[in-house]
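Below: the structure, in structure tokens.
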Amino acid sequence: MELSTSAEKRKRISYGMTLLVAGLLIYLLFGLTTQAGVSTTFGLNLAGSQAIEVSDLVVPAQLTVNLMAAIAAFAGAYQLAKGIRSTGWLIGILAVTFVIAFLTWAAQDKSFNLTGMLGSSLVRATPIALAALCGVISERSAVINIGIEGIMLMSAQTAVVTATVSGNLYVGLIAAILVGALVAAFHAYLVIRFKVDQVVSGVAINIFGTGFTSFISSRFLQKATDALNNSGTFPIISIPGLSKIPILGPVLFENNIVIYLMILLVVVMHIMLFYTPWGLRTRAV
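For my numbering, count along the sequence shown from 1 and bump the result up by 1087.
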């Protein structure tokens, strides 16, 4: 019991001090260098979007930055005095206050399209989220899969070449899935059949994937762009009704099929891992 209390106390102090330091850094880095009397304009409308237009958000730059510093510092002081059990809340407060302060400081006396940034962030986060799902399934089943990056590189290049040659993006998508499964099966074969260390095999796949795709790209794809490297992109699919929601509509409900699949997979994998017998058996390994 004493060990548990001591660990909780150290955790409370460490998180509290982190938030206090974050509040101080926000004030020193952004608060002191923000011009007084200027505003930051956050654009909430995206050109070409079906969403209902709303007025842009205009905030006083210096006041907003100092407010974020105060919120972070107050959360740190509260954590030291009382303690917040939820780690997620603490990390969320730290991330939100720092990001808002940084964006307000960077765009002071200027206009910044917040909706466009959120949409671009979601697009760029999609491959990371898919790789993270792969890692979650592997780790939950006691498999160390270091080769995720190599698998994704080879799958992506296969998708581009196949989609360009066939003229069909969905054929490229299926080809990428098959190649990814094939490389993963090869990784499993090395580990199970030849007792190769999982980390060594994964690193080898990463090195091979990086080298192979770089060679193919420089040797063939860059010289024959129209024939091998002109796959195009998936069309944007707007969900009726939901795409008209201000801010969230263009970000979440006006995307291509890959992003929708990523969001769906996150929800499905969470349900399967934590609310099904299969998930229980997977996590019990």
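Positions of the beta carbon are idealized from the N, C-alpha and C atoms, including for glycine.
Treat the numbers as computed from the prediction; the structure is a model and nothing was measured.
Taking the beta strand (DSSP E) that residue i falls in, what are its first and last residues?
i       : result
Thr1127 : 1126-1130
Ser1198 : 1198-1200
Could you tell me the alpha carbon to alpha carbon distance between residue i and residue j, rounded to whole angstroms?
i       : j       : result
Ala1440 : Thr1121 : Since the first residue of the chain shown is 1088 and the last is 1372, residue 1440 is not available in this structure.
Asp1143 : Gly1175 : 30 Å
Met1239 : Ala1218 : 8 Å
Val1270 : Leu1256 : 21 Å
Pro1333 : Glu1140 : 7 Å
Ile1264 : Phe1321 : 16 Å
Leu1277 : Val1283 : 6 Å
Leu1119 : Leu1154 : 13 Å
Ala1188 : Val1108 : 14 Å
Ala1148 : Thr1128 : 9 Å
Val1345 : Leu1220 : 14 Å
Ser1029 : Gly1366 : What the structure shows of the chain is the stretch from 1088 to 1372, and residue 1029 is not part of that stretch, so it cannot be assessed.
Ser1126 : Asp1196 : 5 Å
Glu1095 : Tyr1347 : 40 Å
Pro1214 : Ala1168 : 41 Å
Ala1262 : Asn1132 : 37 Å
Take the Cβ of residue i as the centre, count every other Cβ of all protein chains shown within 10 Å, and call the residue buried at 16 or more, exposed below.
i       : result
Val1338 : buried
Gly1135 : exposed
Ile1235 : buried
Gln1309 : exposed
His1274 : buried
Thr1092 : exposed
Thr1242 : Per the sequence presented here, residue 1242 reads as Ser, with Thr not at that position. Its Cβ being crowded by 16 or more others within 10 Å, Ser1242 is buried.
Glu1089 : Per-residue confidence for Glu1089 stands at a pLDDT of 45, beneath the threshold of 50, marking its modelled position as unreliable; the derived number appears in the next sentence. That one is exposed.
Leu1335 : exposed
Ile1292 : buried
Gly1163 : buried
Val1355 : exposed
For residue i, report the span of its alpha helix (DSSP H) as first-last.
i       : result
Val1248 : 1235-1253
Ala1268 : 1256-1280
Pro1337 : 1335-1339
Tyr1362 : 1344-1362
Ser1301 : 1285-1303
Asp1313 : 1312-1315
Within 8 Å (strictly less), CB to CB, does residue i reach chain B?
i       : result
Ile1332 : No chain B appears in this structure, which consists of one protein chain only.
The region 1174-1188 in contact with the region 1300-1318 per 3-pair CB rule at 8 Å | These segments do not touch.
Taking 8 Å as the threshold, find out whether the region 1198-1208 comes into contact with the region 1246-1262 through three or more Cβ pairs.
-> Using a Cβ-Cβ distance cut-off of 8 Å, the region 1198-1208 and the region 1246-1262 are not in contact, since fewer than three pairs of beta carbons, one from each stretch, lie closer than that value.
Output the residue ranges of the beta strand (DSSP E) runs that lie fully inside the region 1148-1231 and measure 3 residues or longer, sorted by chain position.
-> Counting whole runs of 3 or more residues, the region 1148-1231 contains the beta strand (DSSP E) stretches 1198-1200.
Does the region 1294-1307 come close enough to the region 1214-1231 that 3 or more CB-CB pairs lie under 8 Å?
-> Under the three-pair Cβ rule at 8 Å, the region 1214-1231 does not count as touching the region 1294-1307.
Can we say the region 1104-1124 touches the region 1153-1166, given the rule of at least three CB pairs closer than 8 Å?
-> Taking 8 Å as the limit for Cβ pairs, the verdict is that the region 1153-1166 does touch the region 1104-1124.
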